[in-house]
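Residue numbers (the working numbering): 364 to 511.
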C-alpha cells in the first residue's frame, strides 16, 4: 500500500502571509503552479491560489502590489500526513475537488511536502480515475442565472 511519502514533492516553495499578491502571482508563473502554501515561519497558515487572486483580489479592484497574501488566501486548508495512504488522500481530494494538498509531519505538524493529483497519477494509478472524474466534473455555479 503506497503512502503519501512515496509520491509527495518534498522541496516546496512557500510564500509568507506578509508578501504581496503580485509576488504570489510571479511565483505561480515561475513555478508553473496554481497554488502556493502560505507559511508563517515553518507553520502552514493557508494556501493562495490563482483563483483567490483573481476572484478575491483583482475582481475587488485591489492593487496587487499593496494587497497582502494574508488578505486573500484560503485559511481552511485540507492537509494530509506523510503516512496516510494514497487511496485515502485521493478520496479526500475527490470529495472536496482539490488538486493539491500540503503534507504535514504527524508529530511536529510542520509542512514537509505537497502532493498533487499529478504526483499520484504518475506514481500510482489505482483510484486516480475516480478522483479525476470527481474533480473534472463541473460544479454548478453559485450564482442565480437571470434570463432576459
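In this text, a Cβ means the ideal position worked out from N, Cα and C, and glycines have one as well. This structure is a prediction, so every number in the text was calculated from the model and none was measured.
I'd like to check one pair, residue j with residue i: are the Cβ atoms closer than 9 Å?
i           : j           : result
residue 443 : residue 455 : yes
residue 413 : residue 379 : no
residue 449 : residue 416 : no
residue 391 : residue 410 : no
residue 468 : residue 477 : no
residue 513 : residue 387 : There is simply no residue 513 to check, as the chain begins at 364 and stops at 511 in what is shown.
residue 473 : residue 394 : no
residue 425 : residue 439 : no
Residue i by DSSP, collapsed to three states: which one?
i           : result
residue 378 : strand
residue 367 : helix
residue 420 : helix
residue 508 : Confidence is the limiting factor: at residue 508 the pLDDT is only 47, short of 50, which leaves the residue's position unreliable, though a coordinate-based value still follows. It is coil, neither helix nor strand.
residue 431 : strand
residue 448 : strand
Per DSSP, which residues does residue i bridge with? Please list them.
i           : result
residue 403 : 406
residue 398 : 412
residue 478 : 464
residue 372 : 477
residue 437 : 410
Original post:
Using 8 Å as the Cβ pair cut-off and three pairs as the minimum, do the region 364-372 and the region 385-403 touch?
Top reply: no
Original post:
Are the region 429-443 and the region 371-387 in contact at 8 Å, needing three or more beta carbon pairs?
Top reply: yes
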